[in-house]
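Below is one structure, written out as structure tokens; the observations come after it.
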Amino acid sequence: METILYSYHFSMVGHLFSFLIPVLVGSGMLVFAIKKKSAEEKAKETKWDIFITSLLRIIAGIVGPFILVAGIWAEVDLIKEHFQYKEIYKSGEMYVVEGLVEDFHPMPFMGHDIESFTVNDIYFQYNGVGEIVNGYNRPKCYGGVVEGNGQHLKIKYIMNEDAGLEGVTEHIILYIAEIED
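Quick note: the sequence shown uses my numbering, first residue 21, plus one each step.
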């Protein structure tokens, strides 16, 4: 008998939050860059104030649009990836591995590390701290379902060969079930 511990889903709250931060920061910088001062404010400024304000406005005018575009681009990419993963999940065209968790390396609470483990020589890793990604990525110390060595799991996953490092394949978990013996 198997008990489902994780099934792929889309976290709108996480994605909305990740989308709002660059939009708010980029928009705020743009508003600062184009905002005009009143005559009273200009009269009170020293030459140094004028120089610093002008420099900050130039920087905000360059960096603000970059943050705005990069944030929107990243969010659109995450949403596009979600629809791809959702289609794969619905079709059932995933790799499946079943066995005991081995080589479990838990992420320490408040640590800068990854959590990793293997099941039948298939390596999985994730870091759930502040990371908005599609697929399972919750470490044990933050309520994750992978508890440690010897846990009997069935995992359905897909492979991402564009994980950033040449020759490295990332295994993205879309389903975890615990097998009761």
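Ideal Cβ placement from N, Cα and C applies to all residues, glycine included.
Computed from a predicted model, the values in this text were never measured in an experiment.
Beyond the five residues adjoining it in sequence on each side, Glu167 comes within less than 7 Å, by CB distance, of Lys160 in the same chain, given in chain order. Secondary structure note for Val83: its alpha helix (DSSP H) is the uninterrupted segment Lys67 to Ser111.
Using a Cβ-Cβ distance cut-off of 8 Å, the segment 85-96 and the segment 136-145 are not in contact, since fewer than three pairs of beta carbons, one from each stretch, lie closer than that value. The straight-line gap separating the alpha-carbon atoms of His29 and Glu190 is approximately 19 Å.
The C-alpha of Met127 lies about 20 Å from the C-alpha of His172. Take Ala53, set aside five residues on each side of it, and the residues of its chain with a beta-carbon closer than 8 Å to its own are Arg77, Ile78, Ala80, Gly81 and Gly84, in chain order. Around the beta-carbon of Tyr195, 16 or more other beta-carbon atoms lie within 10 Å, marking it buried. Using a 10 angstroms sphere on the CB of Ile192, the tally of other CB atoms reaches 16 or more, which defines it as buried. With 16 or more neighbouring CB atoms inside 10 Å of its own CB, Asn154 falls in the buried class.
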